[in-house]
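Structure, as structure tokens:
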Amino acid sequence: MAKLKKKSEFAKYPAEDKVILIIGYVILGLFCLAIIFPMVYIVLASFVDPVTLQNSGLSFDFSKWTTMAYERVLTNEQIWVGFRNAIIYSVLFTIISVVVTLLAAYPMSRSDFKGAKFFNLIFMITMFFGGGLIPTYLLISQLGMLDTIWAILLPGAFSVWNMIIARTYYQGIPKDLQEAAEIDGANEMVYFFRVLLPVCTPIVATIAMWQFVGMWNSYFDAMIYLNSASKQPLQLVLRSILIQNQPEPGMVSDMQSTAERAQLAELLKYATIIISSLPLLVMYPFFQKYFDNGIMAGAVKG
Numbered sequence: 008m009a010k011l012k013k014k015s016e017f018a019k020y021p022a023e024d025k026v027i028l029i030i031g032y033v034i035l036g037l038f039c040l041a042i043i044f045p046m047v048y049i050v051l052a053s054f055v056d057p058v059t060l061q062n063s064g065l066s067f068d069f070s071k072w073t074t075m076a077y078e079r080v081l082t083n084e085q086i087w088v089g090f091r092n093a094i095i096y097s098v099l100f101t102i103i104s105v106v107v108t109l110l111a112a113y114p115m116s117r118s119d120f121k122g123a124k125f126f127n128l129i130f131m132i133t134m135f136f137g138g139g140l141i142p143t144y145l146l147i148s149q150l151g152m153l154d155t156i157w158a159i160l161l162p163g164a165f166s167v168w169n170m171i172i173a174r175t176y177y178q179g180i181p182k183d184l185q186e187a188a189e190i191d192g193a194n195e196m197v198y199f200f201r202v203l204l205p206v207c208t209p210i211v212a213t214i215a216m217w218q219f220v221g222m223w224n225s226y227f228d229a230m231i232y233l234n235s236a237s238k239q240p241l242q243l244v245l246r247s248i249l250i251q252n253q254p255e256p257g258m259v260s261d262m263q264s265t266a267e268r269a270q271l272a273e274l275l276k277y278a279t280i281i282i283s284s285l286p287l288l289v290m291y292p293f294f295q296k297y298f299d300n301g302i303m304a305g306a307v308k309g
């Protein structure tokens, strides 16, 4: 019945609209293939024997499959240290960033906030101009945060772009909510934490997801500010593993050894991509509903 209903609805559209819809579906399908095909290729390539992969590409002959790459990666103790650090950094960074962003966006969304234009200008300037790597490094060093977790968490905790998105979301919430809260005797703190935030769950989840993914995939700040191996996040550990398995200049004369190391390095690349992506793939379905649906319906009655 659902299919018949969809066909009948599609039949109601004029011919021009049908053509546009068909073209849109075709383009959407091509985009989906462009995303799905590389993912399938990476998963399959991570199991294929490196010699077979290099000579003939992907093979569905399971006798030529191997778990060597995963064994090499997962038996490395530093991998598990990196996993632990990456989870700690990502969770703490997400909490700090979401709290700071939401608190900063609230006064900026208020029409009665007299300093809104000034702070908007300051925030916009920071989006286009920065101090640069060396001044930032010197600042982190003088603050005593080198080789500490704070060098990873604090510098990028506040995102002006996320603040603008949250501010816009706040401004779209009916003022009747605040008026009703004031009538019930709620002050600004009560209104923000007990009335506004529950209504803003979709934007909170979206910003949290963005920040978590950004920190999970980040390695450059850790490479610059962290010196201890015990504090390195997963992405930096995986980068080190790949570099260590690349052919070294002194091995050029040993062609067989060089080829074997190159093949192993190629296989490790696919395995590390899968390992580093698993937490995000597992976490995304739990946040997906907040990206698609809001909870404003029914928040204000009458």
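For the sequence shown, the positions run 8 to 309 when our numbering is used. We put the beta carbon where it would ideally sit given N, CA and C, even for glycine. Since we're looking at a predicted model, the values are computed, not measured.
Q: For chain B, find out if any of its Cβ atoms is closer than 9 Å to the Cβ of V197; answer yes or no.
A: The structure shown contains no chain B; it holds only a single protein chain.
Q: Closer than 8 Å by C-beta to D261: which residues in its own chain qualify, once you throw out the five before and the five after it? Chain order, please.
A: Confidence at D261 is low in this model, with a pLDDT of 49, below 50, so the placement of that residue is unreliable and no value is reported for it.
Q: Go ahead and pull the three-state DSSP assignment for P254.
A: Residue confidence for P254 is low, a pLDDT of 44 falling below 50, so the modelled location carries little weight and cannot support an answer.
Q | Inside the region 68-154 only - beta strand (DSSP E) runs reaching at least 3 residues | A | none
Q: Flag this pair as yes or no: are the beta carbons of Y77 and I282 separated by less than 9 Å?
A: yes
Q) How far does the alpha helix (DSSP H) with A212 in it reach, from first residue to last? A) 208-224
Q | Residue of W217, G151, D154 minimising C-alpha distance to M170 | A | W217
Q. Is it a yes or a no for the region 231-247 touching the region 139-152, going by three-plus beta-carbon pairs under 8 Å?
A. A contact is defined here as three or more CB-CB pairs under 8 Å, and the region 231-247 meets this definition with respect to the region 139-152.
Q | Contacts around I103, its chain only, beta-carbon distance under 8 Å, and the 5 residues preceding and following it disregarded | A | Contacts found: L160, L161, A164.
Q: Run the CB neighbour count on G305, radius 10 Å, all protein chains shown included, and call it buried at 16 or more, exposed below.
A: Low confidence applies here, because G305 scores a pLDDT of 37, under 50, leaving its location unreliable; read the following figure in that light. G305 comes out exposed.
**Q.** For V105 and F227, the rounded distance between their alpha carbons
**A.** 22 Å
Q: Check the C-beta distance from V202 over to A215 and give it rounded, since I have them as a contact under 8 Å.
A: That belief does not hold up - the Cβ atoms of V202 and A215 are roughly 20 Å apart, past 8 Å.
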